[in-house]
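K.L.:
Numbering (this note's numbering), first residue to last: 46 to 285.
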C-alpha cells in the first residue's frame, strides 16, 4: 500500500472516548477514536481511512486508540491469492444449493427477525444485546451510497445477510448475521466466502475483515482465511 496520505485525511479531527470496558479482552480498558461526525466522508476518503485501519459502525468511522494495548490489528484478505482450505471447500459444497443476492433495498420485516435471533443466540453477552429495531436501523438498514446488502437464501427464505461497503480497493465486511437454526451449514464461514466471490467478480483486490485479535476467541476465526494481511506499524504485510 502507498504511504502517501491525502491532505483530506491529515486534516480530519478525531474524538476520543473515555476508557471503557473492552468488548473482546477481559480486564482491559479500551479507548476508541471516532472521525469527526460533522464532516462528510465520501467513498474516496473512506477508502483511505480503511487502508489506515479505520472501520465503520453505523454512522461512525472509528479505530482503537488504547493506551496500554495494541491487540486489535486490522486484517484483510488478498482476494486473488486466497485459497480455501479443506473445511472451507466443504462449506462451499454443502451450501451449493443456496442463492446469493446483492441488493440496496431490504425488507426489515424479513431481516430483523434473523438479526434478532442471531444476537440472542450468539452474542447475548455482547454490548449490542438486547437487540432493538432502532438499533438495527441505525447499525444495518441505513444503507450508505457505497454499501450493499448480501442476502443468502434457501428456497427463497432469508437465512443469512451481510452488510458490505464498497471501497476503491476492496470490500469491507461490516456485519453478518444468520439463522442459528442451521448450524451444520456454517453460514458465518459461507458468508465470508461469498463476499470473497463478490469481490473477485467486481475486480476488487481485498476483503477487509475488521480487527484480528489473537487472544479473543470471537476474532481468531479470521486467521483461517489465508493468506491474511495485517496492518502493523503502518504497513500491510502477510500474517506470520
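Don't be surprised by glycine CBs; every beta carbon is placed ideally from N, CA and C.
Please state the DSSP three-state secondary structure of residue 242.
P.N.:
Three-state result, residue 242: helix.
K.L.:
Just tell me which of 118, 264, 225 and 55 has its CA closest to the CA of residue 205.
P.N.:
Among 118, 264, 225 and 55, the Cα nearest to that of residue 205 is on 225.
K.L.:
Is there a C-beta anywhere in chain B that falls below 9 Å from the one on residue 63?
P.N.:
The structure shown has no chain B; it contains just one protein chain.
K.L.:
Within this structure, are the beta carbons of residue 284 and residue 275 separated by less than 9 Å?
P.N.:
Yes, Cβ-Cβ distance for residue 284 and residue 275 is below 9 Å.
K.L.:
Quick check: what's the CA-CA separation for residue 156 versus residue 185?
P.N.:
Each residue's alpha carbon lies about 10 Å from the other.
K.L.:
With distance defined between alpha-carbon atoms, name the residue in 213, 237 and 189 nearest to residue 105.
P.N.:
It is 189.
K.L.:
On the CB-based measure, 16 or more other CB atoms within 10 Å of its CB, does residue 100 come out buried or exposed?
P.N.:
So residue 100 ends up on the buried side.
K.L.:
Can the beta-carbon of residue 214 be found closer than 9 Å to that of residue 96?
P.N.:
A contact, by the Cβ cut-off of 9 Å.
K.L.:
Quick one: what's residue 79 bridged to in DSSP?
P.N.:
The partner list for residue 79 (beta bridge, DSSP) reads 60 and 107.
K.L.:
Where residue 162 and residue 203 are concerned, what is the direct C-alpha to C-alpha distance, given to the nearest angstrom?
P.N.:
Their Cα atoms are separated by approximately 13 Å.
K.L.:
If you run the structure through DSSP and keep just helix, strand and coil, what is residue 220?
P.N.:
Strand.
K.L.:
Buried or exposed, going by whether 16 or more other CB atoms sit within 10 Å of the CB of residue 92?
P.N.:
The residue in question, residue 92, is buried, as its Cβ has 16 or more Cβ neighbours within 10 Å.
K.L.:
Under 9 Å between the Cβ atoms of residue 147 and residue 250?
P.N.:
Result no, Cβ atoms of residue 147 and residue 250 do not sit closer than 9 Å.
K.L.:
Between which two residues does the beta strand (DSSP E) harbouring residue 178 extend?
P.N.:
Run containing residue 178: none in the beta strand (DSSP E); it sits in the alpha helix (DSSP H), 178-181.
K.L.:
In terms of DSSP beta bridges, what is residue 144 paired with?
P.N.:
Paired residues: 198.
K.L.:
Given a threshold of 16 other Cβ atoms within 10 Å of its Cβ, counted over all protein chains shown, does residue 165 qualify as buried or as exposed?
P.N.:
Exposed, by the Cβ-count rule.
K.L.:
Mind reading off the beta-carbon distance from residue 194 to residue 151? Whole number of angstroms is fine, and I expect it under 8 Å.
P.N.:
Residue 194 to residue 151, Cβ: 5 Å. Contact.
K.L.:
If you draw a straight line from the alpha carbon of residue 46 to that of residue 86, how long is it in whole angstroms?
P.N.:
Per-residue confidence for residue 46 stands at a pLDDT of 35, beneath the threshold of 50, marking its modelled position as unreliable; the derived number appears in the next sentence. So the two alpha carbons sit approximately 21 Å from each other.
K.L.:
Classify residue 260: buried if its beta carbon has 16 or more other beta carbons within 10 angstroms, exposed otherwise.
P.N.:
That one is exposed.
K.L.:
Less than 9 Å between the beta carbons of residue 187 and residue 98, yes or no?
P.N.:
For residue 187 and residue 98, no; Cβs fall outside 9 Å.
K.L.:
Report yes if the CB atom of residue 118 is closer than 9 Å to the CB atom of residue 258, and no otherwise.
P.N.:
Cβ distance < 9 Å, so residue 118 and residue 258 count as in contact.
K.L.:
Following the continuous beta strand (DSSP E) through residue 248, name the residue where it begins and the one where it ends.
P.N.:
Premise fails: residue 248 is in no beta strand (DSSP E) and is neither H nor E.
K.L.:
From residue 127 to residue 173, what distance separates their C-alpha atoms?
P.N.:
If you take the alpha carbons of residue 127 and residue 173, they lie about 31 Å apart.
K.L.:
Among 137, 73 and 56, which one has its Cα closest to the Cα of residue 112?
P.N.:
Answer by Cα proximity: 73.
K.L.:
Output yes or no for whether 9 Å exceeds the beta carbon distance between residue 220 and residue 159.
P.N.:
Cβ distance not < 9 Å, so residue 220 and residue 159 don't count as in contact.
K.L.:
With a 10 Å radius around its C-beta and 16 neighbouring C-beta atoms as the bar for buried, classify residue 130 as buried or exposed.
P.N.:
Burial call: exposed.
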